[in-house]
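Structure, as structure tokens:
There are 2 protein chains.
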Amino acid sequence: MTNLRERRRLRTAETIRRAAVVLVHAKGLDHVTAEMISDAAGVSPRTFFNYFPYKEAALMPPPPVFSEAAIARFIAGQGILLDDLVDLLGPIFDEIGEDRDYVRMTHEISLSNPKLQVLRNSTFHEFEGLIAGLISRRLGADSHSTALHMAALVSASIKVGFQTWVEQKSGSAADAILAKIRDAKTIFDV
Amino acid sequence: MTNLRERRRLRTAETIRRAAVVLVHAKGLDHVTAEMISDAAGVSPRTFFNYFPYKEAALMPPPPVFSEAAIARFIAGQGILLDDLVDLLGPIFDEIGEDRDYVRMTHEISLSNPKLQVLRNSTFHEFEGLIAGLISRRLGADSHSTALHMAALVSASIKVGFQTWVEQKSGSAADAILAKIRDAKTIFDV
DNA sequence: GCAGATATTGCATATTGTGCATAAATGCGG
DNA sequence: CCGCATTTATGCACAATATGCAATATCTGC
């Protein structure tokens with residue numbers, strides 16, 4: 015199990031992320047330096063930049079990871095595409111929903127600063143690309159354009175669903191988001 | 015005409031942009047400093063940051079501007095939505111297509127560096143938001159979610175269309191892009 | 001041409017981010 | 001359990017980014 019080191023690395027990254035989010039939420043991005051974050055996380059500034067290429071990167075969530083099994087299941091799936099997509103994405107959003115206050119903090123931070131908005135947009139964009147790739151693999155050759163369109167729809171649904179969840183006081187993130195994705199079926203049926 | 019100053023400002027910004035694009039295309043982002051760009055554009059570094067908040071910003075195209083008249087026409091329009099959208103966007107892409115080599119350069123640059131990819135993604139994202147806003151205004155209250163979905167589709171179409179145009183040797187950008195938007199009708203009809 | 005507004009510039013400075021060398025920690029085979 | 005190989009953390013030096021501020025130059029309208 016060479017992944018003891020790996021897990022340690024993930025834990026350190028997470029520690030830094032938390033420290034960064036808390037600090038920036040309290041003081042604003044411009045009043046928090048990489049050094050402050052490092053101090054709060056108990057690492058040297060040099061190590062900070064070892065984990066994150068630039069200060070703002072520590073404020074973004076890590077990219078979601080799908081299990082190999084889940085990916086294989088989705089690609090080989092024969093059912094309604096959006097339903098299978100919901101199955102694929104469910105666990106991801108379950109996880110997000112577990113720490114409501116923290117997620118809300120990160121959300122507020124993202125909106126508080128132009129640079130972070132840019133980064134957030136890009137994060138969404140990358141996620142959309144990931145989804146498009148999976149859809150394309152499932153639909154086979156020549157499905158590129160269709161996959162991009164569908165991924166765009168799904169991504170838009172996620173944004174709307176996430177937004178409504180953030181504004182709510184209670185309820186599951188997965189429920190809110192997946193409902194919006196399912197709604198997309200009324201617009202776009204495959 | 016107080017807009018002599020304004021036009022002058024736009025021209026200076028454009029001069030800086032061109033200088034930046036040419037330099038970065040030749041040497042790569044990491045080997046071009048803000049000072050080099052300033053020198054090439056004939057302004058002081060301080061002035062550079064007066065026009066652009068950070069180095070990379072000079073490498074992105076200015077946001078498209080729709081005429082008030084075009085916006086009003088679109089919002090009040092009664093025809094097929096995607097057709098009206100094509101009318102609205104046409105002039106924008108005509109303009110882009112006028113300078114093929116330059117646009118291709120900017121495109122190559124965007125793909126050459128992670129930071130620029132992020133920025134490019136965000137630029138697309140903002141454009142999508144702009145379109146969503148216009149669609150929402152046209153469709154009236156409670157159309158928020160629908161507008162976002164449609165804008166996502168249009169945005170995806172633009173990306174695909176732009177990509178195919180860039181790969182071509184000749185042909186109009188507007189034609190390539192608008193064709194893809196029209197294609198979206200086969201998927202999504204309003 | 002003059003007064004007021006706007007744009008440009010220089011200078012000082014905090015912060016960012018990287019290369020490189022060194023030290024510490026970890027996992028592995030014996 | 002121990003030392004060896006590899007990965008990870010750190011310190012230091014330094015170029016580049018980006019901003020505030022004050023001074024200077026340039027434009028606009030009268």
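Chains Y and D, in that order, are what the protein sequence lines are.
So the first sequence is residues 15 to 204, counted in the numbering used here.
So the second sequence is residues 15 to 204, counted in the numbering used here.
Glycine is no exception: its CB is placed at the ideal position from the N, C-alpha and C atoms.
Predicted, not measured: the structure shown is a model, and the values here were computed from it.
Three-state secondary structure (DSSP) of residue i
i: D:V46; result: coil
i: D:F176; result: helix
i: Y:S1; result: Residue 1 of chain Y falls outside the range modelled here, since chain Y spans only 15 to 204, and no answer is possible.
i: D:G91; result: coil
i: D:D98; result: helix
i: D:P105; result: helix
i: D:S205; result: Because chain D spans 15 through 204 in this model, residue 205 of chain D falls outside it and cannot be assessed.
i: Y:G56; result: coil
i: Y:E112; result: coil
i: Y:V79; result: coil
i: D:M119; result: helix
i: D:M74; result: coil
i: D:S157; result: coil
Status (buried if at least 16 other CB within 10 Å, exposed otherwise) for residue i
i: D:S136; result: buried
i: D:V79; result: exposed
i: D:E28; result: exposed
i: Y:G154; result: exposed
i: Y:R22; result: exposed
i: D:V204; result: Residue placement at D:V204 is poorly supported in this model, since its pLDDT is 47, which falls under 50; the coordinates are not used for a value here.
i: Y:K194; result: buried
i: D:I191; result: buried
i: D:L167; result: buried
i: Y:L18; result: exposed
i: Y:E142; result: buried
i: Y:E6; result: Chain Y is shown only over 15 to 204; residue 6 of chain Y falls outside these bounds and no answer can be derived.
i: Y:L125; result: exposed
i: Y:I94; result: exposed
i: Y:R31; result: buried
i: D:S159; result: buried
i: D:R60; result: exposed
i: Y:S52; result: buried
i: Y:A86; result: exposed
i: Y:A83; result: exposed
Contact belief for residue i with residue j at Cβ below 8 Å, rounded distance in angstroms
i: D:V100; j: D:I110; result: Not really, about 15 Å apart at Cβ, beyond 8 Å.
i: D:V208; j: Y:L162; result: Any question about residue 208 of chain D goes unanswered here, given that chain D covers just 15 to 204.
i: Y:F88; j: Y:D98; result: 6 Å
i: Y:T26; j: Y:L73; result: Not really, about 16 Å apart at Cβ, beyond 8 Å.
i: Y:I123; j: Y:H39; result: 6 Å
i: Y:D197; j: Y:S171; result: 7 Å
i: Y:S169; j: Y:F138; result: 6 Å
i: Y:A207; j: Y:A33; result: One cannot answer for residue 207 of chain Y here, as it falls past the ends of chain Y, which runs 15 to 204.
Boundaries of the alpha helix (DSSP H) in which residue i is found, first to last residue
i: Y:I149; result: 128-153
i: Y:K194; result: 187-197
i: D:P59; result: 59-65
i: D:K41; result: 17-41
Near the ligand NAP: residue i beta-carbon under 6 Å from a heavy atom
i: D:K183; result: Absence of the ligand NAP is noted for the structure shown, with no ligands found whatsoever.
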